[in-house]
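Q: One structure, pasted below without further comment.
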């Protein structure tokens, strides 16, 4: 936990540089997938839905809403398009038939792999260049930036 222990005294300029670095890193991290998404008429919400459904097949719509933190209406719009176009399939839950379980189709898996490949290479290259100790520190910083405890618990 970054809030525990000694507080470091960071200058305003150091903090602003960190903000700028996060901005530029995110811009570059998303640029490759953004180009691919344009080919399909999709946006970043589609990418996030595809990614998280792919990471955990049979995820419920409710789970996905909790992760993405978007409105039900926005998620329904995105999911409807992805289901209609054959990237995500929806099935009823075995125990609770009201549950809608989401998983990627073969077409969806292919798109997810295509969207994620550039990002995986970028992260792997950065990890390799920085070394193990820096990776541990980077993870601590990202965990400290996350405000939702449930999100942090996934990685601790």
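Residue numbers (our numbering): -13 to 142. Beta carbons are placed, not taken as given, at the ideal position from N, Cα and C, and that holds for glycine. Source: prediction; values computed, not measured.
1) Are the CB atoms of residue 101 and residue 43 within a distance shorter than 8 Å?
2) Which of helix, strand or coil does DSSP assign to residue 57?
3) How many Å lie between residue 62 and residue 31 at the Cα?
4) Along the chain, where does the beta strand (DSSP E) that runs through residue 89 open and close?
5) Along the chain, where does the alpha helix (DSSP H) containing residue -3 start, and where does it finish?
6) Relative to the C-alpha of residue 35, which residue among 22, 141, 68 and 18 is closest?
7) DSSP three-state call for residue 45: helix, strand or coil?
A: So, from the data block:
1) no
2) coil
3) 11 Å
4) 86 to 90
5) Here residue -3 belongs to no alpha helix (DSSP H), and DSSP marks it neither H nor E.
6) 68
7) strand
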